[in-house]
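Read through the structure below, which is laid out as structure tokens, and then see the notes.
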DNA sequence: AATAACTGCTGGACTAGTCCAAAAACCAAC
DNA sequence: GTTGGTTTTTGGACTAGTCCAGCAGTTATT
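Protein chains in written order, with our numbering: chain A, 1 to 235; chain B, 1001 to 1235.
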């Protein structure tokens, strides 16, 4: 889309300034597109364009038909630390919440089968969850578990940390993981859950987990709102 | 921007299909926005919106006033492997090129000083380079070196690997590094170099390098075209 | 043969609207 | 007090154009 250059340079600079100057605080609402277009005497399309650009930058985010809001600071995600979601968020003085969206049991589709190194028709469980930080839905997670490794797991509370559940109920420790971080667009079902537009940018993380015997136990697809996270690695 | 929903769903699906079906090949040009708008009987704005969305997905990219093109496969970037850029690209059967954009010598601004753990006014060299994969500019790099650690470095060929230069000329080995990966928008000078629009999404990588004595020797800012790369970690 | 000027094509930026659907606020009826 | 419509507000999607600037290829000039 027309990305802000001349007319919208103004409004971008003003908003950026207001945000960095703490006049607009995290989670606070920004005036509506129509208001801004009147304030700056430009079309709503140009306003949208400027807001889009600030959104890419990670300064603001939109909620469908609710308005635009200032983004809170990014969470630091260290893939090398064996720390589960709630712990990580708590360590950064933020509050976390997990909501179970649904569970499906099915035969592993080919992409998943390849990732999990399954050679033939194998049943898997797919657990879909939505994670919140400070009350805002920022992460959609899809876990694919090899069913026979986790008998009876569906009767457990799946809103808790799966890593902990693996350890306590099955004696599995996540020994190592393979990660892939891919900036891409949100697929339909993810966009819907995160309340963003289909095709909007997200950070996709594909993760394959190995237990202490070096067996693959599950894989995970995470979709983060890009303004909510940064990857941090110290080695 | 209006992200593709109804009218533009069509055009998105068609292009996606043509690309995955290899009817449109990497680096190949897509029909112009005006042509597409006639072909699908929709406005150019709607076409733009659909193309924008495919761009976010990483399937296509634009070149200013030249047209839209199909993205080649992403490069896998493993931050834990001590492998320099040209080596990494070669290992993936692609061709790399580095172009020196310029060198500045200055006092470290506060952000850099903090990163490099400098306590007082310290001169640094800033080396700006542009990296190409298969002839396409995909990576803008800014290296900030503490000047007194690298006497006379400016007389060297700076288009080669700095890691290698550090080792051969100064006996420095990059022992470990801290990384931060941040999906954000391209600043003005980066956008210009990469030939993308200001404010377009990029993957920003901040990296601080330590030598074998555990001293910070330099820091680096990388800005990747998001469709050109994925981060891959195995541990 | 080299260079400068022209020209068409491309995306960039923008104006001025319209219609729609979801969310939220409001208000009246129960 | 709660429920259930109605109205208002908000962003989503779209139409139908305009003008501009950079790129590339051609043509005319030197």
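Virtual Cβ for every residue (Gly too), placed ideally from N, Cα, C.
Item	Value
Same chain, Cβ closer than 6 Å to residue 1180 of chain B, five either side skipped, listed in chain order	1206
Cross-chain neighbours of residue 179 of chain A in chain B, by beta carbon under 9 Å	1231, 1232, 1233, 1234 and 1235
Min CB distance residue 190 of chain A to chain B below 8 Å	no
Residues in the stretch 1206-1226 of chain B having any Cβ partner in chain A nearer than 8 Å	1226
Beta strand (DSSP E) segment containing residue 222 of chain A, residue limits	216-225
Extent of the continuous beta strand (DSSP E) run through residue 1076 of chain B	1075-1077
Interface partners of residue 1043 of chain B on chain A, CB under 7 Å	Correct list: empty, because the minimum Cβ distance to chain A is about 12 Å.
Beta-carbon proximity of residue 963 of chain B to residue 177 of chain A, cut-off 8 Å	The shown model of chain B, from 1001 to 1235, leaves out residue 963 of chain B, and the question about it has no answer.
Within-8 Å CB hit, residue 184 of chain A to chain B	yes
Candidates B/1123, B/1056 and B/1174, of which the one nearest residue 1227 of chain B by Cα	B/1056
Cα-Cα separation, residue 159 of chain A to residue 199 of chain A	27 Å
Residue 1148 of chain B versus residue 1172 of chain B: straight-line alpha-carbon distance, rounded	14 Å
Residue-chain proximity (residue 1079 of chain B, chain A), Cβ-Cβ < 8 Å	yes
Anticipated Cβ contact below 8 Å, residue 137 of chain A with residue 216 of chain A, distance rounded	With a Cβ gap of about 29 Å, residue 137 of chain A and residue 216 of chain A do not count as contacting.
Below-8 Å beta-carbon distance, residue 1139 of chain B vs any chain A residue	no
Run of the alpha helix (DSSP H) containing residue 1098 of chain B, from where it starts to where it stops	Careful: residue 1098 of chain B lies outside any alpha helix (DSSP H), inside the beta strand (DSSP E) at 1096-1107.
Simplified DSSP state of residue 1185 of chain B, which is helix, strand or coil	strand
Backbone CA spacing between residue 100 of chain A and residue 1109 of chain B [nearest angstrom]	47 Å
contact_flag[the stretch 1015-1027 of chain B, the stretch 1077-1086 of chain B] where n(CB pairs < 8 Å) is 3 or more	no
Reduced DSSP secondary structure (H/G/I, E/B, other) of residue 236 of chain A	Residue 236 of chain A falls outside the range modelled here, since chain A spans only 1 to 235, and no answer is possible.
Boundaries of the alpha helix (DSSP H) in which residue 139 of chain A is found, first to last residue	First-last for residue 139 of chain A: 136-146, but that is the beta strand (DSSP E), not the alpha helix (DSSP H).
Coarse secondary structure for residue 242 of chain A, derived from DSSP in three states	Since the first residue shown for chain A is 1 and the last is 235, residue 242 of chain A is missing from the structure and cannot be characterised.
Pairwise C-alpha distance: residue 1223 of chain B and residue 1203 of chain B	6 Å
Residue 1016 of chain B versus residue 1157 of chain B - alpha carbon distance	42 Å
Through-space distance from residue 211 of chain A to residue 1128 of chain B, alpha-carbon basis	43 Å
Span of the beta strand (DSSP E), counted from its first residue to its last, around residue 1203 of chain B	1201-1210
Which residues DSSP lists as bridging residue 1125 of chain B, in chain order	B/1105 and B/1145
Neighbourhood of residue 1034 of chain B by C-beta, 7 Å cutoff - its chain only, sequence neighbours within 5 removed	1044
Length of the line joining the Cα atoms of residue 1121 of chain B and residue 1107 of chain B	6 Å
For residue 1139 of chain B and residue 1058 of chain B, the rounded distance between their alpha carbons	15 Å
In DSSP terms, what residue 1177 of chain B is bridged to	B/1209
Assigned secondary structure, residue 2 of chain A (DSSP; H/G/I helix, E/B strand, else coil)	Any reading at residue 2 of chain A must be qualified, since the residue scores a pLDDT of 37, below 50, and its modelled position is unreliable; the value itself is stated next. Correct three-state label for residue 2 of chain A: coil.
is_contact[residue 176 of chain A, chain B] using C-beta, thresh 8 Å	yes
Inter-residue Cα distance where the pair is residue 1130 of chain B and residue 1119 of chain B	30 Å
Chain B within 8 Å of residue 27 of chain A, Cβ atoms only	no
Closest by C-alpha distance to residue 36 of chain A, when choosing among A/27, A/19, A/28 and A/14	A/14
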